[in-house]
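Notes follow once the structure below has been shown.
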Amino acid sequence: MLFFRKLFLTASRYRYRTVILFTILFIIVNAEIIRFLEPKTFENSLHAVWWILTTMTTVGYGDVYPTTEAGRTWAMIVVYTLGIGLFGTVIGVIVDGISQYKKRKEEGKLSYKGENHFVIIGWSAKSKSTIKELLLCDEKTDIVLIDEFEKTPYEHERFHYIQGSPTDVETLKKAKIENSQAVLLFAAEGIVNPDLVDGKTLLTASSIERYDDGTEKNIYTIAEIVNEKHVDNFKHVKIDEFILSNGSVSNLMAKSAQMKGASHLFTQLLSRQDGDGGSDLWEVSVSTEWKTYGKAYEQLKEKGAQLIADRNDLNILKKWNDPIPKEARLFVICDKQTYQKL
Numbered sequence: 005m006l007f008f009r010k011l012f013l014t015a016s017r018y019r020y021r022t023v024i025l026f027t028i029l030f031i032i033v034n035a036e037i038i039r040f041l042e043p044k045t046f047e048n049s050l051h052a053v054w055w056i057l058t059t060m061t062t063v064g065y066g067d068v069y070p071t072t073e074a075g076r077t078w079a080m081i082v083v084y085t086l087g088i089g090l091f092g093t094v095i096g097v098i099v100d101g102i103s104q105y106k107k108r109k110e111e112g113k114l115s116y117k118g119e120n121h122f123v124i125i126g127w128s129a130k131s132k133s134t135i136k137e138l139l140l141c142d143e144k145t146d147i148v149l150i151d152e153f154e155k156t157p158y159e160h161e162r163f164h165y166i167q168g169s170p171t172d173v174e175t176l177k178k179a180k181i182e183n184s185q186a187v188l189l190f191a192a193e194g195i196v197n198p199d200l201v202d203g204k205t206l207l208t209a210s211s212i213e214r215y216d217d218g219t220e221k222n223i224y225t226i227a228e229i230v231n232e233k234h235v236d237n238f239k240h241v242k243i244d245e246f247i248l249s250n251g252s253v254s255n256l257m258a259k260s261a262q263m264k265g266a267s268h269l270f271t272q273l274l275s276r277q278d279g280d281g282g283s284d285l286w287e288v289s290v291s292t293e294w295k296t297y298g299k300a301y302e303q304l305k306e307k308g309a310q311l312i313a314d315r316n317d318l319n320i321l322k323k324w325n326d327p328i329p330k331e332a333r334l335f336v337i338c339d340k341q342t343y344q345k346l
């Protein structure tokens, strides 16, 4: 047992690939040696390799075995002793590698390898809800979180955690923000002063812009702002959309007070959590058949979808006969089944 323990510790110091290659070499060399010692028993190399593998991994099947003293002696000294120990070492190294990978992934030390993902910067109750919503909306899209926790705060097969500062270029590289669909900056929790909160967001946004200048990918960035007065301070930084933390809730409360039940309408449009049967907000591609907004409205209506806006313009009915521009982005309200047919 002491011998096998020393063998495992020695092998663990080397790269996994080296241990695997050494094991393969051991099998091939010993297969040729046993063929040389017992040419009548082992007629070809495949026959010999089969016996080596079954002996190393099990007690053997008994269909073939050495019959001469030289063959049996070699089997006892080399194959039984070193072979079985070496195979156990390989299994241990593989298990250790899997454990190390899992540990490094939990600690956020592994780079993300995919693309077309969403990058969330800053863990909070709001970002957690956003992550759940994004995972629910698209069953194929991954979510990458950047924060400085020692271990991942969330577990999901399509969730990847990157530990580090979002102002660090290496951290942004690990998250592959240049290949993402969008980067979402959330206001930091635990900081009472709103000036400091928005200041931290501004610093992160500046770091992303500097990184984006080097990639020329035009990273789409959405930032949460605590104080509306600070929006002007972000004008020199490339932010595609601003979300006001307190403004959204305040406006929704006011609308609900004026029009009772309005909050349920907005909640349903903003969330997919009502299920596939509920109506949601979707973006649709512009068809070549749609020459005007009126034509698009009528065709979408026939399919069960309601055209409501082009980008942030809600006056579709007033533009009935206007041609649809190339840069148009049309939004509709419908259920998931209808959207999939569009």
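Sequence positions in the sequence shown follow the working numbering and run 5 to 346. Idealized CB from N, CA, C, for every residue including glycine. Predicted model only: the values in this text are computed from it and were never measured.
Compute the Euclidean distance between the alpha carbons of residue i and residue j, then round it to the nearest angstrom.
{"i": "Y165", "j": "I150", "result": "6 Å"}
{"i": "S275", "j": "A258", "result": "20 Å"}
{"i": "G101", "j": "S249", "result": "43 Å"}
{"i": "T342", "j": "L269", "result": "19 Å"}
{"i": "E174", "j": "T208", "result": "13 Å"}
{"i": "A79", "j": "Q104", "result": "35 Å"}
{"i": "E137", "j": "S254", "result": "22 Å"}
{"i": "S133", "j": "T62", "result": "51 Å"}
{"i": "L206", "j": "D244", "result": "13 Å"}
{"i": "T271", "j": "W294", "result": "30 Å"}
Is residue i close to chain D, meaning its C-beta is less than 9 Å from at least one C-beta of that chain?
{"i": "T77", "result": "Within the model displayed, chain D is absent; a lone protein chain is all it includes."}
For residue i, I'd like the list of residues in its chain whose CB is within less than 7 Å of its CB, leaving aside the five on either flank, ordered along the chain.
{"i": "A35", "result": "S49, A52, V53 and I56"}
{"i": "K130", "result": "F190"}
{"i": "I88", "result": "M60"}
{"i": "A332", "result": "V290 and D314"}
{"i": "V94", "result": "V23, I24 and T27"}
{"i": "K106", "result": "none"}
{"i": "S21", "result": "One point to set straight first is that residue 21 is Arg, not Ser, in the sequence displayed. If we look at R21 and ignore the five residues flanking it on each side, it has no Cβ neighbours."}
By alpha-carbon positions, which one of the options ends up nearest to residue i?
{"i": "L304", "options": "N255, E287, W127 and N319", "result": "E287"}
{"i": "K221", "options": "E182, T61 and T145", "result": "E182"}
{"i": "V82", "options": "T71, W324 and T59", "result": "T59"}
{"i": "R162", "options": "V173, F153, D146 and A309", "result": "D146"}
{"i": "N325", "options": "I337, K299 and V241", "result": "K299"}
{"i": "E213", "options": "T342, L274 and F238", "result": "F238"}
{"i": "G308", "options": "T71, T219, D317 and Q344", "result": "Q344"}
{"i": "A227", "options": "R108, D217, N120 and S210", "result": "S210"}
{"i": "I195", "options": "E174, T171, V230 and G218", "result": "V230"}
{"i": "T292", "options": "T271, H268, I320 and K330", "result": "K330"}
{"i": "L334", "options": "T342, D317 and Y105", "result": "D317"}
{"i": "F246", "options": "V187, E306, V99 and G265", "result": "V187"}
{"i": "D199", "options": "E232, T219, T72 and N255", "result": "E232"}
{"i": "E73", "options": "I98, T45, T62 and I320", "result": "T45"}
{"i": "E143", "options": "H160, W127 and S128", "result": "H160"}
{"i": "R108", "options": "Y84, N319, E306 and Q167", "result": "Q167"}
Measure the Cβ-Cβ separation of residue i and residue j and say whether it is below 9 Å.
{"i": "Y224", "j": "A179", "result": "no"}
{"i": "A192", "j": "K204", "result": "yes"}
{"i": "F30", "j": "L114", "result": "no"}
{"i": "P70", "j": "L41", "result": "yes"}
{"i": "I328", "j": "T296", "result": "yes"}
{"i": "I32", "j": "G75", "result": "no"}
{"i": "G92", "j": "F153", "result": "no"}
{"i": "Y301", "j": "L285", "result": "no"}
{"i": "P170", "j": "I135", "result": "no"}
{"i": "S260", "j": "L273", "result": "no"}
Does DSSP put residue i in a helix, in a strand, or in coil?
{"i": "P327", "result": "strand"}
{"i": "F58", "result": "Note on residue identity: the sequence assigns Thr, not Phe, to residue 58. Helix, per DSSP."}
{"i": "Q104", "result": "helix"}
{"i": "D314", "result": "strand"}
{"i": "F46", "result": "coil"}
{"i": "I320", "result": "coil"}
{"i": "D217", "result": "helix"}
{"i": "T22", "result": "helix"}
{"i": "G112", "result": "coil"}
{"i": "F190", "result": "coil"}
{"i": "Y69", "result": "coil"}
{"i": "T93", "result": "helix"}
{"i": "I147", "result": "strand"}
{"i": "D284", "result": "strand"}
{"i": "H160", "result": "coil"}
{"i": "L346", "result": "coil"}
{"i": "V33", "result": "helix"}
{"i": "Q341", "result": "helix"}
{"i": "Q167", "result": "strand"}
{"i": "E245", "result": "strand"}
{"i": "T134", "result": "helix"}
{"i": "E302", "result": "helix"}
{"i": "A227", "result": "strand"}
Please return the same chain residues whose Cβ sits closer than 6 Å to the Cβ of residue i, not counting the five positions on each side in sequence.
{"i": "H234", "result": "D202"}
{"i": "D216", "result": "I223"}
{"i": "Q185", "result": "N120 and F122"}
{"i": "G118", "result": "D146"}
{"i": "E110", "result": "K155 and T156"}
Leaving out the 5 sequence neighbours to the left and right, which residues in its chain are closer than 8 Å to residue i when beta-carbon positions are compared?
{"i": "V252", "result": "Sequence inspection shows Ser at residue 252; the Val mentioned does not correspond to that position. None."}
{"i": "T219", "result": "E182"}
{"i": "H240", "result": "none"}
Compute the minimum distance between the beta carbon of residue i and the heavy atoms of the ligand SAM, and state whether it is under 8 Å.
{"i": "S133", "result": "In terms of ligand content, the structure shown is empty, and the ligand SAM therefore cannot be addressed."}
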